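Under my numbering, think of the first position of the sequence shown as 465, with each following residue one higher. First comes the structure, then the notes that go with it.
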Amino acid sequence: MSVPAQNRRVLSGMRPTGQLHLGNYHGALKNWIELQYQYECYFFIADWHALTTGYEDTSKLEEYVWTMAIDWLAAGLNPGVATIFIQSRVPEHAELHLLLSMITPLGWLERVPSYKDQQAQLANRDLSTYGFLGYPLLQTADILLYRSQYVPVGEDQVAHVEITREVARRFNHLYGREQDFERKVERAIKSLGSRNATMYRDLRKDYQERGDAEALAKARALVETNARLTVADRDRLLGYLDGSGIAILPEPEVLLTATPKVPGLDGRKMSKSYGNTIGLREHPDSVTKKLKAMQTDPARVRRSDPGDPEKCPVWDLHKVYSGAETQAWVQQGCRSAGIGCLECKAPLIDKVVEEISGIARRAQEYEDNPELVRGMIAEGCERARGVARDTLDAVRQAMAMNYR
Ligand code: TRP
Ligand code: SF4
């Protein structure tokens with residue numbers, strides 16, 4: 465569909481759980497850094513989300529928030545183009561969460577797969593709380609508050625975007641029918657200009673009478689690319705097309721980007737909970753030591769045994785870091801026992817150390833200048849709040865609750 469890219473909003477968040485690692489970087493952050501130049505992006509530190517599983521000890525939360533802000537900036541998120549903020553500094557997240565909680569059936573939350581999974585995984589914590597059950601709805605509010613079209617997340621979060629769509633649909637269904645809708649639609653159609661107005665009516669008719677999906681797509685494009693329409697009129701015309709009323713809260717989509725598999729030191733997925741990570745600002749000596757000890761093809765016991773890169777997590781790292789030539793050298797040398805595992809790891813160690821030292825160096829500048837970081841984030845919070853307030857105004861109006 466043909467919404468101009470600069471009008472499409474992307475939103476994503478991360479929980480602050482301490483220093484980021486290479487898995488976070490290659491699995492998410494690098495992707496965000498590219499997206500920020502293609503879309504209007506909102507990235508936030510999900511400190512309230514951290515509470516849903518970590519409510520008992522909040523003493524490290526503040527430190528983790530600033531660590532994450534600095535990790536992001538040092539890695540290349542650019543507050544000049546993306547809006548970077550802290551969830552709890554935009555209290556509208558809580559208000560929208562509360563309003564949405566009124567219309568969300570309990571069963572929808574109980575059925576989210578991560579609910580039971582995480583309770584089982586984190587069996588040492590008491591997660592039989594209201595906040596934990598409601599966490600996907602808090603995420604729903606995060607997304608809908610910015611009327612985001614796209615949400616870049618991994619597989620494990622797809623179900624949360626799905627529930628977001630359901631809640632948005634329910635909200636729009638319940639509250640998307642303003643008084644005088646037809647009259648306002650007529651006025652909006654006129655404002656398209658007579659040629660486009662006729663085209664809009666014809667396309668709508670083709671869709672409504674014959675279910676012509678192509679006509680629907682064309683009509684939507686006609687509306688979405690019209691720069692003269694107000695946001696409210698655009699929403700009315702879109703809602704009038706399929707009879708759904710106004711999409712006060714548009715349904716978002718997952719933005720799936722192919723990201724490389726980043727193995728941890730033990731060959732499992734790199735994850736803080738497995739203790740198999742390499743930190744984004746780790747000291748070169750420690751990185752070198754860890755990589756030297758990293759798991760290889762278990763069948764390659766002696767130097768003289770040929771190995772199989774497909775069974776070796778080090779190869780997965782080569783796929784992330786090494787060029788074609790080095791990769792060919794690994795393949796050939798490993799299978800023929802022509803190279804040893806330490807030899808194989810050497811160019812990788814160089815690459816990882818180089819990447820991490822650059823990030824660590826920039827991070828140090830921010831660490832030395834906390835006021836600068838606070839200022840950038842404060843500005844992001846303000847900007848985010850402006851957008852959040854607009855959405856809540858529309859929400860309150862739709863719910864007939866904009867009395868003062
Ligand atoms: N739940 C996400 C996670 O645990 C973080 C998150 C919170 C998020 N709110 C969001 C991601 C909104 C995308 C959009 O990783
Ligand atoms: Fe893995 Fe490289 Fe050793 Fe082969 S040579 S087993 S790819 S570390």
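Glycine included, every Cβ here is placed at the ideal spot set by N, Cα and C. Only a predicted model underlies this, so the values are computations on that prediction, with no experimental measurement involved.
If you follow the beta strand (DSSP E) that residue 478 is part of, which residue opens it and which one closes it? Taking the first residue of the sequence shown as position 1, residue 478 is located at position 14. Taken as a continuous stretch (DSSP letters only), the beta strand (DSSP E) holding residue 478 covers 473-478.
The stretch 515-525 touching the stretch 643-655, judged by at least three CB pairs closer than 8 Å: no
Among 800, 798, 747 and 808, which has the Cα closest to the Cα of residue 758? Locating residue 758 in the sequence shown gives position 294, counting from the first residue. The candidate whose alpha carbon is nearest that of residue 758 is 808.
Which term fits residue 622, buried or exposed, when burial requires 16 or more other beta carbons within 10 angstroms of its beta carbon? If you number the sequence shown from 1, residue 622 lands on position 158. The residue is exposed, with fewer than 16 neighbouring Cβ atoms inside 10 Å.
Near residue 550, what residues of its chain come up, given a Cβ to Cβ distance below 7 Å and the 5 sequence neighbours on each side ignored? As a working note, residue 550 is residue 86 in the sequence shown. Cβ within range, chain order: 508, 509, 511, 529, 841 and 845.
Taking the continuous alpha helix (DSSP H) assigned at residue 798, which residues delimit it? Taking the first residue of the sequence shown as position 1, residue 798 is located at position 334. Unbroken alpha helix (DSSP H) run through residue 798: 788-799.
Please go through the stretch 779-861 and give each complete alpha helix (DSSP H) segment of 4 or more residues, from N-terminal end onward. 788-799 and 805-831
Between residue 772 and residue 852, what straight-line distance do the alpha-carbon atoms span, to the nearest angstrom? Residue 772 sits at position 308 when you count from the first residue of the sequence shown. Residue 852 sits at position 388 when you count from the first residue of the sequence shown. Answer to the nearest angstrom: the Cα atoms are 52 Å apart.
For residue 495, collect the residues of the same chain with a Cβ closer than 8 Å to its Cβ; drop the 5 residues on either side in sequence, then sort them by chain order. Translated into the one-based positions of the sequence shown, residue 495 becomes position 31. Only 616, 721 and 723 meet the Cβ criterion.
Identified DSSP bridge partners for residue 727: The residue you call residue 727 lines up with position 263 of the sequence shown. 733.
Return helix, strand or coil for residue 703, following the three-state DSSP convention. The residue you call residue 703 lines up with position 239 of the sequence shown. Three-state DSSP puts residue 703 in a helix.
Could you pull out every residue in the same chain whose Cβ sits closer than 6 Å to the Cβ of residue 862, ignoring the five residues on either side in sequence? Counted from its first residue, the sequence shown places residue 862 at position 398. Counting only Cβ-Cβ distances below 6 Å, and skipping sequence neighbours, we find 639 and 712.
Going by DSSP in three states, residue 689 sits in which element: helix, strand or coil? To locate residue 689, count along the sequence shown from 1; it is residue 225. Coil at residue 689, not helix or strand.
Can you find the residues in the same chain that come closer than 8 Å, C-beta to C-beta, to residue 466, ignoring five residues on each side of it along the sequence? Numbered from its first residue, the sequence shown carries residue 466 at position 2. Reliability fails at residue 466, whose pLDDT of 39 lies under 50, so the model's placement of it is uncertain and the value that follows must be treated cautiously. So the list reads 685, 688 and 689, once near-sequence residues are dropped.
Measuring from each Cβ to the nearest heavy atom of the ligand SF4, keep the ones under 5 Å and list them in chain order. 760, 761, 764, 771, 773, 776, 778, 779, 798, 805 and 808
Quick one: is the Cβ of residue 788 within less than 7 Å of any heavy atom of the ligand TRP? Numbered from 1 along the sequence shown, position 324 holds the residue referred to as residue 788. No, since every heavy atom of the ligand TRP falls outside the 7 Å radius drawn around the Cβ of residue 788.
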